[in-house]
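Number of protein chains: 2
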Amino acid sequence: MNTKTRKAQEIANREELLLDIALELMAETGFAGLTMDKITQRSQYSKGTVYNHFACKEDVLCALCCRSMRLQIELYQRINDFAGSTREKMIAMAYGYRLFNRLYPTLSMVVLSMKTPNIMEKTSSIRSTSVSEHENKIVGIAVKLIEEAVALGDIPASQNVDANAATFAAWSMAFGTNALSSAVVHKSSKFCSAGFDSQYALLYNVNLLCDGLNWKPLSNQQDYLATWQRIGQELYAKELAMLEQNETLY
Amino acid sequence: MNTKTRKAQEIANREELLLDIALELMAETGFAGLTMDKITQRSQYSKGTVYNHFACKEDVLCALCCRSMRLQIELYQRINDFAGSTREKMIAMAYGYRLFNRLYPTLSMVVLSMKTPNIMEKTSSIRSTSVSEHENKIVGIAVKLIEEAVALGDIPASQNVDANAATFAAWSMAFGTNALSSAVVHKSSKFCSAGFDSQYALLYNVNLLCDGLNWKPLSNQQDYLATWQRIGQELYAKELAMLEQNETLY
DNA sequence: GTCACATTGTGACGAAGTGTCAATAACGAG
DNA sequence: CTCGTTATTGACACTTCGTCACAATGTGAC
Chain A
0 MNTKTRKAQE IANREELLLD IALELMAETG FAGLTMDKIT QRSQYSKGTV YNHFACKEDV
60 LCALCCRSMR LQIELYQRIN DFAGSTREKM IAMAYGYRLF NRLYPTLSMV VLSMKTPNIM
120 EKTSSIRSTS VSEHENKIVG IAVKLIEEAV ALGDIPASQN VDANAATFAA WSMAFGTNAL
180 SSAVVHKSSK FCSAGFDSQY ALLYNVNLLC DGLNWKPLSN QQDYLATWQR IGQELYAKEL
240 AMLEQNETLY
Chain B
0 MNTKTRKAQE IANREELLLD IALELMAETG FAGLTMDKIT QRSQYSKGTV YNHFACKEDV
60 LCALCCRSMR LQIELYQRIN DFAGSTREKM IAMAYGYRLF NRLYPTLSMV VLSMKTPNIM
120 EKTSSIRSTS VSEHENKIVG IAVKLIEEAV ALGDIPASQN VDANAATFAA WSMAFGTNAL
180 SSAVVHKSSK FCSAGFDSQY ALLYNVNLLC DGLNWKPLSN QQDYLATWQR IGQELYAKEL
240 AMLEQNETLY
């Protein structure tokens, strides 16, 4: 029985190793540069072994997506300790989301790609439900926060806010902002010339949303830019320092 | 000289034909089922000719993306004739966006995929700037509408709204809502069990955003669900009828 | 220690797809 | 009709995916 758990551990370790390699390859040679053969070559294992872990190439992405979400969850959990209003905590979630996207650009692209049909069509159901589970955990954090805001009256009861609907709105906003930001940055979009500031776009957008929910204090009652800075200092100082030194973690 | 324009016309026609085939293939066999070989086989032309039109497979998607945006623009232009406030017109844009996504599900997936790195990395620069140009046209429609709202005072000057920033927010929201809706519908997401209603999610989300901008009349001052219905009847009756009969147009 | 059995690993291989290019065909001006 | 130009073709070289018969290794009973 002991040997079994040891073996299982070894397999789990190898899986992480393979994922490290996959991520490294993607960072080096771009998204299209990831092939199963290259993973095989760079690892000390053979193709068959790699395919023992992942049913297909898309499953590798799925697994990376799960890792990505575990990392995100870690960032979001710190928010519990943040001394601030519920709205400030929601903004902290947005901060964490953006931080994640900057710190792990390759992983972020993986998450984005997972919403795309050509990937989803091919993933095995085991992997894709695993992604859903992780996703639900993140969604749960946001739902809980919004429910708390309603309970405390930060979001007036008269707004009749459904926590699920509001969470979906916030998620949509964050997801869309990130997806379009990275696209806008690279291209000759109208926004580039219009002084588009990707740094604060998410703060701005989430503030609009919260104001729409009538989530007190409103953005004209409080300086959320200051909150934004404070979140960075108090919750994510370590990660910001890494970014300063251009230490991107895939 | 006349022969040249005739020839050019023929080539343009053939390009449209090839795109029709590509779309048909995607609708039939899924996104991953699209191959250059199949396009070749189903058309009466050879591989070389197909590659004369499109530098690579991703260029086909790019071209479809442009077609997709031309169709969208057509939908949005009708809004000029809509008798309503600026905010109602913004909601009409959201309506058009959602209508487009329902009427052309395959094309919608193409647009979504274009925001993804594995596609973007491979597209030729000519095609991708063409996508940007089309995109800018759509963005321009929204910017103009928001500027008008500010000029009329529907959005109070005190909000200090930048039309570009607000457009980006609206675009992010619409894009994110659509991307996540289609993902949520298929999967065992928390939202499914929570009575997620994809039909009105975009209306709800855009209303939140407009409320956040303090775009008058606010959603508690007017029944925008009624507006939503009116938009369907007055602007998009034909398209709705098609949807009723399950006539999806790729 | 060893033997039968179970599990895990291997890499050559077939299938499928991409993009190229030398050869061929069609075109049109003179 | 002829000849240079341009468009078209499909065989080919190359890449990649995913499989499977076989090899190697690990396990536990005796």
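Line by line, the protein sequences are chains A and B. The opening residue of the first sequence carries number 0 in numbering that gives the first Met the number 0; numbering runs sequentially from there. The opening residue of the second sequence carries number 0 in numbering that gives the first Met the number 0; numbering runs sequentially from there. C-beta atoms are modelled at their ideal positions from N, C-alpha and C, and glycine is treated no differently.
From residue i to residue j, what distance separates their C-alpha atoms?
i: residue 70 of chain A; j: residue 106 of chain A; result: 10 Å
i: residue 56 of chain A; j: residue 12 of chain A; result: 19 Å
i: residue 48 of chain A; j: residue 247 of chain A; result: 30 Å
i: residue 28 of chain A; j: residue 234 of chain A; result: 33 Å
i: residue 242 of chain A; j: residue 40 of chain B; result: 50 Å
i: residue 67 of chain B; j: residue 82 of chain B; result: 26 Å
i: residue 200 of chain A; j: residue 224 of chain A; result: 12 Å
i: residue 176 of chain B; j: residue 206 of chain B; result: 13 Å
i: residue 144 of chain A; j: residue 221 of chain A; result: 19 Å
i: residue 213 of chain B; j: residue 153 of chain A; result: 19 Å
i: residue 249 of chain B; j: residue 35 of chain B; result: 19 Å
i: residue 140 of chain B; j: residue 171 of chain A; result: 22 Å
i: residue 190 of chain B; j: residue 104 of chain B; result: 21 Å
i: residue 240 of chain A; j: residue 166 of chain A; result: 30 Å
i: residue 101 of chain B; j: residue 101 of chain A; result: 33 Å
i: residue 157 of chain B; j: residue 219 of chain B; result: 20 Å
i: residue 42 of chain A; j: residue 33 of chain A; result: 13 Å
i: residue 244 of chain A; j: residue 244 of chain B; result: 58 Å
i: residue 254 of chain A; j: residue 99 of chain B; result: Any answer about residue 254 of chain A is impossible in this case: the structure gives chain A only from 0 up to 249.
i: residue 197 of chain A; j: residue 180 of chain A; result: 6 Å
i: residue 46 of chain A; j: residue 125 of chain A; result: 21 Å
i: residue 155 of chain B; j: residue 228 of chain A; result: 28 Å
Report, in whole angstroms, the separation of the C-beta atoms of residue i and residue j, which I expect to be a contact under 8 Å.
i: residue 203 of chain B; j: residue 168 of chain A; result: 7 Å
i: residue 118 of chain A; j: residue 60 of chain A; result: 6 Å
i: residue 85 of chain B; j: residue 147 of chain B; result: 6 Å
i: residue 230 of chain B; j: residue 91 of chain B; result: 5 Å
i: residue 142 of chain B; j: residue 160 of chain B; result: Not a contact, Cβ separation roughly 11 Å.
i: residue 111 of chain B; j: residue 173 of chain B; result: No, residue 111 of chain B and residue 173 of chain B are not in contact; Cβ-Cβ is about 12 Å, not under 8 Å.
Which residues in the same chain have their Cβ closer than 6 Å to the Cβ of residue i, if we skip the five residues on either side of it in sequence?
i: residue 113 of chain A; result: 64
i: residue 95 of chain B; result: 74 and 75
i: residue 37 of chain B; result: 24
i: residue 54 of chain A; result: 123
i: residue 14 of chain B; result: 52
Among the residues of its own chain, which have a CB less than 8 Å from the CB of residue i, if the five just before and after it don't count?
i: residue 195 of chain A; result: 183 and 188
i: residue 9 of chain B; result: none
i: residue 216 of chain B; result: 84 and 86
i: residue 151 of chain A; result: 85
If the cut is a Cβ gap below 8 Å, which residues of chain A does residue i touch?
i: residue 204 of chain B; result: 167, 168, 171 and 172
i: residue 222 of chain B; result: The contacting residues do not exist; residue 222 of chain B stays about 14 Å from chain A at best.
Taking its Cβ as the centre, do 16 or more other Cβ atoms sit within 10 Å of residue i, making it buried, or is it exposed?
i: residue 6 of chain B; result: exposed
i: residue 0 of chain A; result: With a pLDDT of 45 at residue 0 of chain A, under the threshold of 50, the modelled position of this residue cannot be trusted, and the question is left open.
i: residue 211 of chain B; result: buried
i: residue 208 of chain A; result: buried
i: residue 120 of chain A; result: exposed
i: residue 22 of chain A; result: buried
i: residue 16 of chain B; result: exposed
i: residue 127 of chain B; result: buried
i: residue 51 of chain A; result: exposed
i: residue 115 of chain A; result: buried
i: residue 226 of chain B; result: buried
i: residue 93 of chain A; result: buried
i: residue 236 of chain B; result: exposed
Can you pull the chain B neighbours of residue i, defined as C-beta to C-beta under 7 Å?
i: residue 108 of chain A; result: 116
i: residue 182 of chain A; result: 114
Enumerate in chain order the residues of its own chain whose CB-to-CB distance from residue i is below 7 Å, with the five nearest sequence positions on each side excluded.
i: residue 130 of chain A; result: 61, 64, 65 and 113
i: residue 108 of chain A; result: 30
i: residue 88 of chain A; result: 78, 81 and 144
i: residue 122 of chain B; result: 57, 58 and 61
i: residue 238 of chain B; result: 98 and 102
Show which residues of chain A have a CB atom less than 9 Å away from the CB atom of residue i.
i: residue 138 of chain B; result: 188, 189 and 190
i: residue 195 of chain B; result: 163, 164 and 167
Residues of chain A with CB under 7 Å from residue i, in chain order?
i: residue 207 of chain B; result: 168, 208, 211 and 212
i: residue 30 of chain B; result: 116, 117 and 120
Give me the chain B residues within the contact set of residue i, using Cβ-Cβ distance strictly less than 8 Å, ordered along the chain.
i: residue 179 of chain A; result: 114, 167, 170, 171 and 174
i: residue 111 of chain A; result: 114, 115 and 116
i: residue 100 of chain A; result: Those do not exist, as residue 100 of chain A stays about 13 Å from chain B at its closest Cβ, beyond 8 Å.
i: residue 87 of chain A; result: Going along chain B, no residue has its Cβ under 8 Å from residue 87 of chain A, so there is no contact; the nearest lies around 17 Å.
i: residue 135 of chain A; result: 188 and 189
Do residue i and the ligand FAD come close, with the Cβ less than 7 Å from some heavy atom?
i: residue 79 of chain A; result: Absent from the structure shown: the ligand FAD. Ligands present: none.
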